Amino acid sequence: MRRRMSAIVALVLLAMPAVHAVQPDEIMSDPAREARARDLSRELRCMVCQNQSIDDSDAPLARDLRLLVRERIAAGDSNSQVLDFLVARYGEFVLLKPRFERQTMLLWLLAPLLLAGGGFALWRQNRRRAQVGADVPLPPLTPDEQTRLAALMSDDATSR
Amino acid sequence: MIAEAGHYALVLALALALIQSFVPMIGARLRDPALMNVARSTALAQLLFVGASFIALVTLHVNSDFSVANVYENSHSMKPLIYKITGVWGNHEGSMLLWVSILALFGGLVAAFGNNLPLSLRAHVLAVQAWIASAFYLFILITSNPFLRIVNPPIEGRDLNPVLQDIGLAVHPPMLYLGYVGFSISFSFAIAALIEGRIDAAWARWVRPWTLVAWIFLTLGIAMGSYWAYYELGWGGWWFWDPVENASLMPWLAGTALLHSALVMEKRNALKVWTILLSILTFSLSLLGTFLVRSGVITSVHTFANDPTRGVFILLILCLFIGGSLLLFAGRATSLKQGGLFAPISREGALVLNNLLLTVACAVVLFGTLYPLAMEVLADFKMSVGAPFYNLTFAPLFALLLLAVPFGPMLAWKRGDLLGVTQRLLAAGVAGLVLIAIVWAWTRGGSALAPLAIGLGVFVIAGAVTDLAERTGLFRLPLATTLHRARGLPRSAWGAAFAHAGLGVALIGIVCETTWNSEYIATMKPNDVAQVAGYDLKLDGLLERQGPNYREMIAQFNVSGGGEALSVMTPSKRSFTTRGSSTTEAALLTRGASQLYISLGDVTAEGAIAVRIYHKPLVLMIWWGPVLMAFGGVLSLSDRRLRVGAPKPARTKQRLQPAE
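The listed protein sequences correspond, in order, to chains A and B.
FYI, in our numbering the residues of the first sequence are -7 to 152.
FYI, in our numbering the residues of the second sequence are -9 to 650.
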């Protein structure tokens, strides 16, 4: 429900009257170009929705963007030219896959850095432990546990 | 009257929680069993009062008492009974009440079934539970009271959001909350262990069943939510990497890691500090999820500023619990002694690798969710992080993890033989390679990644089967011995095999759906025929119908395949008069694990209708996978070892009998 609660509420409120994602009248006659348009649509954000691509979104704005993408493709733009055009118009916000830049560097490098860091830490710990050796003794029993143990042991003795 | 009673019961629950927060702590300090036992009574009484409060709200909704603001805003007298009940948690206030009810339920369960816990540990655990409960009771009473009255009651309510009027709302949120909130138990156990400065293998044995219960519910809750989105939202998507979904995925990833690390701690008394930290992190992520969703901060930083009280309150709770527990951890963790040694290539080592990959995957999701927010606030740079980002970062991590999954359960504890395990996994590997070759040959020129991923899925499933075969001696020993061994195999071994196989099943479903999904988008007139993936779908006609609180337009499709009539599909569009909004009800036709999916668009002036028809190959495997995982969890939970917690006297007696 959590996602339904906000995503759908936002979606339903914004998208009235319900228009459908990718309308029949939007589709380009050339299947290869249409496929390119669909691929690009999946990487572009519908800016009034919650993290939805314009390919999925029902919002009128998403439709405008889908038409714009197809217009650019029809005009002979390459995929990256289409993306450049949209970024120039709407900012980086429109890209669902952020470009590798100064501001997004940490985001992209996070996984490799963490993996390397985690691996290094594990390797060091393993080496240190190998040097220290031998198992560390278990914590001693509390007095409470000792009395319980004693009780159990004596129980054992009597029943036998 | 009922509203006031419910409100009062909630206040009483707060009072009980405050008592439970302090008295047992004092009791533990003074070693006074009577004071420590207070926790038990208050936890049970809390459950009683919160339960009463929750039932009061349900009654108000069922009776359509529009003098209560919450009922007026989210209900309608014409709404079917089931949606009157589920509508209780289909809104902010009600869902928070459900949250605390489930928290009280878990507290009550620990109180009722925690008899084999050391007294002071139980007192501490329940006290920590009460801290969390007090914070959230205060939150509800101060900022989100569901029992507020309206001075001049309106005659009719404003109805529940139509998209939520679905059976999914009855199952998904309670499941998800049972998962989220269930992790509070392992959190409380971790904090209690830190306070007592004592932790041993028995601790892990107590924590594991609770974590497992929470994990099972969270797994099912996420899967259920995904299937709901798939059929309800009308474009056949099932996962959107939406921040609200990420909020539930993060505790799942951390919780899965916790399940595995607790295993090492239970068996080998190692990874103690890490397990404690994971317990804290898992519940912290649950709290973070609650904050992200409830404060509205994700939709936009500005909604947060518009209605700051709720957001700020949860943010305070968040800082208090996460900050406090991490500080306590930092102060006490060093005093916890490290246990059993192990070589890097061993069962423990494999579980450490599992934990590393799961935590990094979790961190990726966390960063992806919060990074745009941070950049907007700190650097005034607006950016988005969506599905294409996660496909590039999250997917490789999971591929690595899945590659390692079959090896883990087959390696020996302490020191494993990687070469030997590889040899035993040879058949599984060959099965994967054969599948890669077949799929690749069959879909020549298609994506190269899809056959590889399917091969990986097959390898994981075959690996799980190999593990069981090795343990039972299948094909090596006589069948009778194998059967005998299979019966004797611990349930947890069966559970692990099922859960791991579930991963493979889900992967195959995901890859097939995303790669070979066929789609047909067109405007159709009656008697038009659409051809999708070898099926003919003929539109017979459109008809209108009146539902209880909506009008709907139904399109009737006759589906045939290979010249043979198969079924009739009736997708519809419903318009709800009260809210003036509409929903599309997709029609689904299941063929094996694949589905045909039709959803309707708008009607044109000439009487034609826009339709979207999908054929989704093996799509159901996406949800069979999690169901298998949850089933594995249930099997594991039924393992004697976990159920008993500690050896019971009854067993010793049985063993002694022959001696008499």
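Ideal Cβ positions, reconstructed from N, Cα and C, are used throughout, including at glycine.
Keep in mind it's a predicted model, so treat the numbers as computed, not measured.
CB contact flag (residue i, residue j, <8 Å)
i, j, result
"alanine 438 of chain B", "leucine 387 of chain B", "no"
"isoleucine 444 of chain B", "leucine 473 of chain B", "no"
"serine 57 of chain B", "glycine 147 of chain B", "no"
"methionine 214 of chain B", "valine 161 of chain B", "yes"
"histidine 51 of chain B", "glycine 77 of chain B", "yes"
"valine 522 of chain B", "isoleucine 428 of chain B", "no"
"arginine 121 of chain A", "leucine 267 of chain B", "no"
"phenylalanine 449 of chain B", "glycine 406 of chain B", "no"
"alanine 252 of chain B", "valine 171 of chain B", "no"
"glycine 109 of chain A", "lysine 372 of chain B", "no"
"threonine 568 of chain B", "leucine 610 of chain B", "no"
"phenylalanine 357 of chain B", "leucine 141 of chain A", "no"
"leucine 326 of chain B", "valine 263 of chain B", "yes"
"threonine 573 of chain B", "serine 589 of chain B", "no"
"alanine 402 of chain B", "serine 626 of chain B", "no"
Cβ of residue i within 8 Å of any chain A Cβ
i, result
"methionine 240 of chain B", "no"
"lysine 232 of chain B", "Per the sequence shown, residue 232 of chain B should be read as aspartate rather than lysine. At least one chain A Cβ lies under 8 Å of aspartate 232 of chain B."
"alanine 252 of chain B", "no"
"leucine 0 of chain B", "no"
"histidine 292 of chain B", "Here the model assigns histidine 292 of chain B a pLDDT of 49, short of 50, so the residue's position is not dependable, and the following value carries that caveat. It does not; no Cβ of chain A falls within 8 Å."
"tryptophan 205 of chain B", "no"
"glutamate 256 of chain B", "no"
"proline 334 of chain B", "yes"
"phenylalanine 357 of chain B", "yes"
"glycine 591 of chain B", "yes"
"leucine 346 of chain B", "yes"
Same chain, Cβ closer than 7 Å to residue i, five either side skipped, listed in chain order
i, result
"leucine 95 of chain B", "Leu37"
"serine 124 of chain B", "Leu4, Ala7, Leu8 and Ser11"
"proline 637 of chain B", "Note that proline 637 of chain B has pLDDT 44, beneath the 50 cutoff, so the model's placement of it is unreliable and no number is given."
"leucine 159 of chain B", "Thr76 and Gly80"
"tyrosine 672 of chain B", "An answer regarding residue 672 of chain B cannot be provided, because it is not within the stretch -9 to 650 covered by chain B."
"leucine 109 of chain B", "Pro23 and Met26"
"threonine 49 of chain B", "Ile(-8)"
"tyrosine 127 of chain B", "Leu0, Ala3, Leu4, Ala7 and Val90"
"tryptophan 200 of chain B", "Gly172, Ile175 and Ser176"
Neighbour list for residue i in chain A, Cβ cutoff strictly below 8 Å
i, result
"isoleucine 511 of chain B", "Val14, Gln15, Pro16 and Ile19"
"valine 342 of chain B", "Leu114"
"tryptophan 193 of chain B", "Neighbours of tryptophan 193 of chain B on chain A: none; closest Cβ ~11 Å, over 8 Å."
Neighbour flag for residue i against chain B, beta carbons, 8 Å
i, result
"serine 146 of chain A", "no"
"asparagine 118 of chain A", "yes"
"alanine 108 of chain A", "no"
"proline 90 of chain A", "yes"
"serine 72 of chain A", "no"
"glutamine 138 of chain A", "no"
"aspartate 22 of chain A", "no"
"leucine 133 of chain A", "no"
"leucine 53 of chain A", "no"
Cβ-based neighbour list, residue i, same chain, cut-off 8 Å, excluding 5 preceding and 5 following
i, result
"valine 74 of chain A", "Leu32, Val61, Arg64 and Ile65"
"threonine 456 of chain B", "Pro396, Met400, Arg414, Leu415, Ala417 and Ala418"
"alanine 394 of chain B", "Ala340, Leu343, Asn344 and Leu347"
"glutamine 15 of chain A", "Arg55"
Same chain only: Cβ atoms within 6 Å of residue i, ignoring 5 sequence neighbours per side
i, result
"glycine 591 of chain B", "Ala600"
"threonine 63 of chain B", "Rather than threonine, the amino acid found at residue 63 of chain B in this sequence is glutamate. These residues qualify, in order along the chain: Arg148."
"alanine 180 of chain B", "Ile266, Ser269 and Ile270"
Proximal chain B residues relative to residue i, where beta-carbon distance stays under 9 Å
i, result
"glutamine 95 of chain A", "Met365, Ala369, Phe371 and Met373"
"glutamate 172 of chain A", "In the structure as shown, chain A starts at -7 and stops at 152, and residue 172 of chain A therefore has no counterpart that could be examined."
"aspartate 69 of chain A", "Neighbours of aspartate 69 of chain A on chain B: none; closest Cβ ~19 Å, over 9 Å."
Cross-chain neighbours of residue i in chain B, by beta carbon under 7 Å
i, result
"phenylalanine 85 of chain A", "Lys372, Met373 and Ser374"
"alanine 103 of chain A", "Val350, Val354, Thr383 and Leu387"
"serine 44 of chain A", "Note that residue 44 of chain A is glutamine in the sequence shown, not serine. By Cβ distance, chain B contributes Phe230."
Contacts that residue i makes with chain A (C-beta to C-beta distance below 7 Å)
i, result
"tyrosine 62 of chain B", "The premise fails here: tyrosine 62 of chain B is roughly 17 Å from chain A at the closest Cβ pair, so nothing lies under 7 Å."
Neighbour list for residue i in chain B, Cβ cutoff strictly below 8 Å
i, result
"aspartate 48 of chain A", "Trp225, Gly227 and Phe230"
Residue i CB to nearest heavy atom of the ligand MG below 7 Å
i, result
"glycine 80 of chain B", "Judged by which ligands are present, the structure shown has none, so any question about the ligand MG falls away."
Any chance the segment 19 to 33 of chain A sits against the segment 55 to 71 of chain A, with 3 or more Cβ pairs inside 8 Å? Yes, the segment 19 to 33 of chain A touches the segment 55 to 71 of chain A.
For the structure I just gave you, are there three or more beta carbon pairs, one from the segment 31 to 49 of chain B and one from the segment -7 to 4 of chain B, closer than 8 Å? With a cut-off of 8 Å, the segment -7 to 4 of chain B and the segment 31 to 49 of chain B count as touching, because enough Cβ pairs lie within range.
Pair every Cβ in the segment 488 to 506 of chain B with every Cβ in the segment 526 to 539 of chain B, then say whether three or more of these pairs are closer than 8 Å. The segment 488 to 506 of chain B, when compared against the segment 526 to 539 of chain B, does not touch it at the 8 Å Cβ threshold.
Would the segment 238 to 245 of chain B count as touching the segment 123 to 140 of chain B if we require 3 or more Cβ pairs under 8 Å? As far as the Cβ criterion goes, the segment 238 to 245 of chain B does not touch the segment 123 to 140 of chain B, which means the pair count is below three.
Within 8 Å, do at least three Cβ pairs link the segment 300 to 317 of chain B to the segment 275 to 286 of chain B? The segment 275 to 286 of chain B makes contact with the segment 300 to 317 of chain B; the number of CB pairs closer than 8 Å reaches 3 or more.
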